[in-house]
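Student:
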Amino acid sequence: EREHIDFDHVRRGILHVYWDKPGFDHATKVNDMLVEGGLDRRPVTAAEIAAIEPALHGDFHGGFYTPSDSTGDIHKYTTGLAQACTRRGGTFLYDTRVTRIERRNPFRLTYSTRCAGGQSAEQAIEADGIVVCAGSHSRDIAAMLGDRLNIYPVKGYSITVDLNDPSAQAAAPWVSILDDRAKIVTSRLGAGRFRVAGTAEFNGVNRDIRDDRVRPLVDWTRTLFPGVTTNRIVPWAGLRPMMPNMMPRVGKGRAPGVFYNTGHGHLGWTLSAATSAILVQAIAADLPVERLAA
3 EREHIDFDHV RRGILHVYWD KPGFDHATKV NDMLVEGGLD RRPVTAAEIA
53 AIEPALHGDF HGGFYTPSDS TGDIHKYTTG LAQACTRRGG TFLYDTRVTR
103 IERRNPFRLT YSTRCAGGQS AEQAIEADGI VVCAGSHSRD IAAMLGDRLN
153 IYPVKGYSIT VDLNDPSAQA AAPWVSILDD RAKIVTSRLG AGRFRVAGTA
203 EFNGVNRDIR DDRVRPLVDW TRTLFPGVTT NRIVPWAGLR PMMPNMMPRV
253 GKGRAPGVFY NTGHGHLGWT LSAATSAILV QAIAADLPVE RLAA
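So that you can map any letter, position 115 of the sequence shown is 117 in our numbering, and since no number is skipped, the others follow by simple counting.
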């Protein structure tokens, strides 16, 4: 809010829906733990599901509703955040790959930038400290710094549906939906777009967008939201940086001046601000601004 970043943010809540009693009963045990932790999340009947989100079609047993859940456009958010950092003196190097890190005081990072004619000549910068938040590539950078980071890329897919007429806009949900059986989740991105995401593919650092992964998302959308036209969609695939225990690596590295904020898996945006707030305290303690400026 302070930086006035516009990212189609809405707070309409999220519905977790279950098709049968066994699935709902299992989810009830998880819900008890979430409620005990302070989350406002309540069970709802099939009739209440229909009342909360009339656009959703399905013969559900029941579900859970979390009214505080928010959605937004991550691309617009990160673009706006980068612009805010630039206004405050930050510098971004895009299409750039770190090729070597010399562990000395200060650190020396060698990098190359991709351009129209190919890779540019290598350049280098010096740094008092390094924060590694490079997604699935964090493992390689950690190795340069003497750390072992057991991150593996797990590919997820999404489609963004263009709601190009008033009837399609009315037929798409504003409340986010998570179908536990299909492992599919939705987000409304302003009036004109609707995002549907899911799947988990173990295929290394591979960004191919496979039709056999996209097709189930389209079919699911047509079944549960029959009034939404899917003749104009944008398919996408991204690599979630997963740790074996699904917990992010947040904190110091082995060498002084090295820090990590990575491995958030499918909860990168959800956890990013909180883990950054934790990490900044560790950085401030080890690399106080007064000492760096001296």
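In this text, a Cβ means the ideal position worked out from N, Cα and C, and glycines have one as well.
May I have a chain-ordered list of the beta strand (DSSP E) segments no shorter than 3 residues that lie completely inside the region 13-48?
Tutor: Segments of the beta strand (DSSP E) lying fully in the region 13-48: 16-20 and 44-47.
Student: Express the C-alpha separation of H77 and G40 in angstroms, rounding to a whole number.
Tutor: The alpha-carbon atoms of G40 and H77 are separated by roughly 30 angstroms.
Student: Is the separation between the beta-carbon of F196 and that of V220 shorter than 8 angstroms?
Tutor: No, these two residues do not count as a Cβ contact at 8 angstroms.
Student: In three-state DSSP terms, what is C87?
Tutor: Reduced to three states, the DSSP call for C87 is helix.
Student: As a quick exercise: from E104, L273 and G265, pick the residue whose alpha carbon is nearest that of A136.
Tutor: The shortest Cα separation from A136 among E104, L273 and G265 belongs to G265.
Student: Let me know the beta strand (DSSP E) ranges lying completely inside the region 108-186, each 3 residues or longer, listed in chain order.
Tutor: As far as the region 108-186 is concerned, its whole beta strand (DSSP E) runs of at least 3 residues are 109-117, 125-129, 132-134, 154-164 and 178-181.
Student: Which residues share a DSSP beta bridge with A239?
Tutor: Answer is Y159, bridged to A239.
Student: With DSSP as the reference, label T264 as helix, strand or coil.
Tutor: In this structure, T264 counts as strand in the three-state DSSP scheme.
Student: If you draw a straight line from the C-alpha of I103 to the C-alpha of S189, how long is it?
Tutor: Going from the Cα of I103 to the Cα of S189 covers about 39 angstroms.
Student: Are the beta-carbon atoms of P243 and L273 separated by less than 8 angstroms?
Tutor: Not closer than 8 angstroms, so no.
Student: Which of helix, strand or coil does DSSP assign to S72?
Tutor: Looking at S72 - three-state DSSP - the assignment turns out to be coil, as it is neither helix nor strand.
Student: Could you pull out every residue in the same chain whose Cβ sits closer than 8 angstroms to the Cβ of T98, ignoring the five residues on either side in sequence?
Tutor: Correct list, in chain order: Y113, S114, T115 and R116.
Student: Classify E55 as buried or exposed, calling it buried when 16 or more other Cβ atoms lie within 10 Å of its own Cβ.
Tutor: It is buried - the Cβ of E55 has at least 16 other Cβ atoms within 10 Å.
Student: Indicate whether S178 and D71 have their beta-carbon atoms separated by less than 8 angstroms.
Tutor: Closer than 8 angstroms, so yes.
Student: Between N233, I132, G74 and D34, which has its C-alpha nearest V253's C-alpha?
Tutor: The sequence shown places Gly at residue 253, not Val. Among N233, I132, G74 and D34, the Cα nearest to that of G253 is on I132.
Student: Where does L58 fall in DSSP's three states?
Tutor: DSSP places L58 in coil when its eight states are reduced to three.
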